[in-house]
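Each remark here refers to the structure printed beneath this line.
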Amino acid sequence: MSAINVLDQSKFEYCELIWGDCIYGTKPQLQELGIAVGLAFPGEPDGPKRTLRVLDPRGFPTTVKSVPVFESVPVWKGEGVYCARIIFPGRERKQEQWTDCAPGVRMCSDSSWCDEYVGTAVALAAAGLVRLDQLPGQPGMRKFRVTILPDGSLPIGAPTANCAEARKPGTKTIERASKTTYAVFVRVSEEVTLTRDEKERCAATEYEERMEALPRPAPLTAKIAPAAPKYRTEGNVLYLTFGH
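Note that my numbering numbers the sequence shown so that position 155 is 239, with each residue one more than the last.
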C-alpha cells in the first residue's frame, strides 16, 4: 500500500494540466510528495499568511495556498486542504500587453469587448478620456463605478438596471484602480470584438498545441508511490489516484 493510501484519499487530487501540476491535499499528503517538507503551511504558526513559495522535488517553483471550503474543486475536499500549483518553465501564458498612450496613461486592448486605460485623474482628463467631475465619488456620480454613455449622458435607473445604451461602442466605465489611479474601460464595436475573439481563439489553440508537443516531467507521485497510479481524464485535465 502506498503511503498516500493510508491517508484520506477523498482529500487528494492530482491534476496534470497543460501548464503544469495542480495538487489538492492535506499537509501530510503534500509533504509525502516532497512538497514543503518540514515547513509551516499558510495560516499555521510561523507560516506565511496566505502563500508558501517553495521548490518541488523536481526543482520547479511551487505555490501552496489554503483552499477555502467554498472553493469549487474536482472533488469536495472539506477543511484542512491545500492547493499546490506548479507551473513548468516555458509554459507560462502570454501576459497582458500594456503600452504608454499618453503622458501618465497606459492602455491595454487585450479584452475582447473594451480598451482599458489606467492613470491618475489628471492624466486621464488631460488625455481626453474623462472629465474630473465624472469620476466615481464626485457630486452626482455613483460611489464605486460610473458609466458614461456615448453621448456623454448617464444611464437612467438603478445601478443594476439593464441598459441597452450601455452596450454601445464608445460607452465608458470608470472605476478606481488604486488609491491614486483610475481605470477607464471604453467599449469597442461588435466587429472589433469578433475580431479579437477569433484572434484569442487562434492564440489559445496555438498555445495548447505547443504545450502538448513539449516533454512532460514525470508526476511527483510516480517517484514515491509503490502502487501503480490510475489515470482518468476529463477534457484536458488528468486526475491521478492510487489503488491498493
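The C-beta atom is built at its ideal place from N, Cα and C for all residues, glycine as well. All figures in this text were calculated on a predicted structure; none of them were measured in a lab.
Per the coordinates, the alpha-carbon of Q179 lies some 11 Å from the alpha-carbon of C192. Taking C-beta atoms as the reference points, A267 and E259 count as a pair closer than 8 Å. Comparing alpha-carbon positions, the option among R177, T265, D199 lying closest to L216 turns out to be T265. V202 counts as buried, since at least 16 other C-beta atoms from the protein chains shown sit within 10 angstroms of its C-beta. When secondary structure is reduced to three states using DSSP, P112 falls in the helix class. Taken atom to atom, the span from the alpha-carbon of S273 to that of C198 is near 9 Å.
Distances from the alpha-carbon of F125 to those of P301, E284, E116, K111 put K111 closest. Listed in chain order, the non-local C-beta contacts of R137 below 6 Å within the same chain comprise T147, local neighbours out to five positions each way being set aside. Of the residues T257, Y98, E163, the one whose Cα lies closest to the Cα of G127 is E163.
Here C247 has P239 as same chain residues with Cβ atoms under 6 Å from its own Cβ, once five neighbours each way along the sequence are excluded.
L139 and E293 have their C-alpha atoms spaced approximately 27 Å apart.
Boundaries cannot be given for T264, as no alpha helix (DSSP H) includes it and DSSP labels it neither H nor E.
By the CB criterion at 8 Å, Y98 and P253 fall outside the cutoff. Our two residues, F269 and D281, have alpha carbons roughly 17 Å apart in a direct line. Scanning its chain for C-beta atoms nearer than 8 Å, with the 5 sequence neighbours on each side dropped, one finds around M295 the residues I102, W103, R175, in chain order.
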